[in-house]
Amino acid sequence: MTARMTLNQLNYQLTTETDQRNLLQDINVTIQPDEFVMLLGANGAGKSTFFNIVAGDLTPTSGQITFNDQEITKQSAQQRTRLISRVYQDPKLGTAADMTVAENILLAMRRGQRRRLFPRRLAQQRPQIEALAKTLPNHLEAQLDKPVSNLSGGQRQTLNFLMATIQKPELLLLDEHTSALDAVSSQALMTFTDTTIRENKLTCLMITHDLADALKYGNRLLILKDGQLIADFPDAEKQQLTTEELIKYLH
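Residue 219 in UniProt numbering sits at position 219 of the sequence shown, and the numbers go up by one each step.
Okay, here's the thing in structure tokens:
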């Protein structure tokens with residue numbers, strides 16, 4: 001997969017009856033193919049707005065978005081699903097709670113196709129589904145026939161990540177996908193995330209609040225503050241940074 005996304009002079013202004021705020025200001029950045037980009041910023045920096053615009057949930061007030069040299073600025077989120085997969089902070093988002101783990105994986109395998117579930121087709125795909133589940137760090141292969149609602153938060157979020165990456169999206173958005181988990185589950189999923197992205201050469205943007213993760217993972221680091229992109233560190237510079245230096249950018 002090759003994915004090159006450019007945000008050109010991107011602005012997003014929130015206007016209410018009593019207030020007018022610039023949530024993003026003059027964002028100019030290009031995400032190159034195979035980059036694993038960490039996006040860091042304090043609360044209110046504009047990270048979620050940035051992701052929502054990239055995903056198509058928000059339309060920028062001004063500016064342009066191109067994806068592989070094709071403009072997608074006004075495309076809806078539904079139109080962008082053929083290009084972009086997203087894993088949210090809340091483990092409950094992204095899966096069908098009343099369906100089994102195997103059925104959820106099958107849906108992800110057929111993403112973008114006309115989807116109807118038949119037991120016979122599920123049985124036919126069972127070996128592939130089991131093989132996929134065995135790659136995960138928390139033994140989901142033993143939970144395939146259980147409803148997703150019975151899973152722990154860590155198991156459910158790992159399933160979300162698998163479903164988002166099965167078809168190797170051109171751009172993967174990870175929206176603080178480990179922050180709602182306990183420390184052990186978070187570390188296991190982050191390790192699996194890093195391995196999956198590197199081995200499959202996925203292009204990925206990941207929001208994090210964790211300074212250690214921002215330095216440890218990815219090959220590029222962007223820092224947002226008050227809606228502006230204030231720092232852009234390529235891999236070589238990122239490797240030289242310390243947590244103390246990052247803190248200075250965030251305050």
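For glycine and all other residues, C-beta sits at the position ideal for the given N, C-alpha and C. Here the structure is a predicted model, which is why all the values come from computation and not from measurement.
Cα atoms of Met-109 and Met-190: separation of roughly 22 Å, rounded to the nearest angstrom. Within the same chain, Cβ atoms closer than 8 Å to the Cβ of Ile-247 are found at Leu-211, the five residues on either side in sequence being excluded.
A check of alpha carbon separations from Gln-79 across Tyr-88, Gly-56, Asp-90, Pro-91 identifies Gly-56 as the nearest. Linking Asn-138 to Asp-98 through their CA atoms gives a straight-line distance of about 20 Å. DSSP assignment within the stretch 65-117 yields the following whole alpha helix (DSSP H) runs of 4 residues or more, N-terminal first: 77-80, 101-109. Counting only runs of at least 4 residues, the stretch 196-232 fully encloses the following alpha helix (DSSP H) elements, listed from N- to C-terminal order: 211-216.
Taking the Cβ atoms as the reference, Thr-66 lies roughly 7 Å from Ile-72, within the contact range of under 8 Å. When the alpha-carbon of Ala-45 is set against those of Asp-226, Asn-8, Phe-233, the nearest one is in Asp-226. For the pair Val-87 and His-177, the CB atoms are nearer than the 7 Å cut-off. Of the other Cβ atoms in all chains shown, 16 or more fall within 10 Å of the Cβ of Thr-165; this residue is therefore buried. Judged by DSSP secondary structure, Gln-13 falls outside any alpha helix (DSSP H) and instead within the beta strand (DSSP E) spanning 5-15.
In the three-state scheme derived from DSSP, where H, G and I count as helix and E and B as strand, Ser-186 is classed as helix. With contacts defined as CB atoms closer than 7 Å, Leu-173 and Leu-205 qualify as a contacting pair. In the three-state scheme derived from DSSP, where H, G and I count as helix and E and B as strand, Gly-154 is classed as helix.
A distance below 6 Å between beta-carbons, with the five flanking residues on each side excluded, links Thr-6 to the following residues of its chain, in chain order: Thr-30, Thr-66. The three-state secondary structure of Gln-20, taken from DSSP, is strand.
Taking the C-beta atoms as reference points, Ile-27 is found no nearer than 7 Å to Leu-14. If you ignore the 5 residues before and after Arg-198, its C-beta comes within less than 6 Å of no other C-beta in its own chain.
Between the alpha carbons of Phe-233 and Arg-21 lies a gap of roughly 27 Å.
With 16 or more other CB atoms across the displayed protein chains lying within 10 angstroms of its CB, Glu-103 is buried.
Contact annotation: Asp-175 and Gln-89 have beta-carbon atoms nearer than 7 Å.
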